[in-house]
(Lines of atoms letter the chains of each structure in order from A and count residues from 1; the text may use other names and numbers.)
(Lines give C-alpha, C1' and ligand atoms only; values in the text may rest on other atoms or scores of the structure.)
Protein backbone atom coordinates (compact mmCIF):
# COMPACT_ATOMS: atom_id res chain seq x y z
CA UNK A 1 0.00 0.00 0.00
CA UNK A 2 3.00 2.28 0.07
CA UNK A 3 2.89 5.17 -2.39
CA UNK A 4 -0.82 4.99 -3.11
CA UNK A 5 -1.83 8.11 -1.19
CA UNK A 6 -0.91 11.75 -1.66
CA UNK A 7 2.41 11.98 0.03
CA UNK A 8 5.09 14.52 0.57
CA UNK A 9 6.92 16.02 -2.36
CA UNK A 10 3.95 16.38 -4.70
CA UNK A 11 1.90 19.49 -5.17
CA UNK A 12 -1.84 19.22 -4.63
CA UNK A 13 -2.57 21.14 -7.84
CA UNK A 14 -0.68 22.51 -10.83
CA UNK A 15 -0.32 26.16 -11.72
CA UNK A 16 -0.41 27.35 -15.32
CA UNK A 17 1.65 30.57 -15.63
CA UNK A 18 0.21 31.35 -19.08
CA UNK A 19 -3.17 32.00 -17.43
CA UNK A 20 -1.88 35.18 -15.79
CA UNK A 21 -0.24 36.46 -18.98
CA UNK A 22 3.39 35.29 -18.84
CA UNK A 23 4.98 33.01 -21.40
CA UNK A 24 7.32 30.19 -20.49
CA UNK A 25 10.87 31.54 -20.18
CA UNK A 26 9.73 35.18 -20.13
CA UNK A 27 11.38 37.64 -17.78
CA UNK A 28 9.17 38.13 -14.74
CA UNK A 29 8.77 41.61 -13.21
CA UNK A 30 10.99 42.57 -10.30
CA UNK A 31 9.66 42.10 -6.80
CA UNK A 32 9.22 45.35 -4.90
CA UNK A 33 9.26 45.00 -1.15
CA UNK A 34 7.98 48.19 0.40
CA UNK A 35 6.04 48.64 3.60
CA UNK A 36 2.44 49.76 3.22
CA UNK A 37 1.69 53.44 3.81
CA UNK A 38 0.85 54.25 7.45
CA UNK A 39 -2.60 55.60 6.53
CA UNK A 40 -4.78 55.14 3.46
CA UNK A 41 -4.74 57.94 0.94
CA UNK A 42 -7.34 60.64 1.44
CA UNK A 43 -8.31 61.50 -2.11
CA UNK A 44 -11.81 62.49 -1.05
CA UNK A 45 -12.16 65.20 1.56
CA UNK A 46 -14.69 64.74 4.34
CA UNK A 47 -17.79 66.89 4.41
CA UNK A 48 -17.79 69.41 7.28
CA UNK A 49 -20.44 68.96 9.95
CA UNK A 50 -23.42 71.28 9.90
CA UNK A 51 -23.60 73.59 12.88
CA UNK A 52 -26.38 75.84 14.01
CA UNK A 53 -29.48 76.01 16.14
CA UNK A 54 -31.47 73.57 13.98
CA UNK A 55 -28.76 70.90 14.14
CA UNK A 56 -28.32 71.37 17.90
CA UNK A 57 -32.07 70.93 18.39
CA UNK A 58 -32.13 67.74 16.28
CA UNK A 59 -29.13 66.37 18.18
CA UNK A 60 -30.85 67.04 21.52
CA UNK A 61 -33.99 65.24 20.29
CA UNK A 62 -31.97 62.22 19.16
CA UNK A 63 -30.13 62.05 22.48
CA UNK A 64 -33.45 62.09 24.38
CA UNK A 65 -34.60 59.01 22.49
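Residue numbers (our numbering): 52 to 116.
Note that CB positions come from ideal geometry on N, CA and C, so glycine has one too.
Cα separation between residue 146 and residue 66?
Here the chain covers residues 52 to 116 and nothing more, so residue 146 does not appear.
Does residue 85 come out as helix, strand or coil in the three-state DSSP assignment?
If DSSP states are grouped into helix, strand and coil, residue 85 belongs with coil.
Can you give the Cα-Cα distance for residue 87 and residue 80, rounded to whole angstroms?
Rounded to whole angstroms, residue 87 to residue 80 spans 19 Å at the Cα level.
Is any non-hydrogen atom of the ligand ZN found closer than 7 Å to the C-beta of residue 76, if you look at the structure I gave you?
Ligands in the displayed structure: none, and consequently the ligand ZN is not present.
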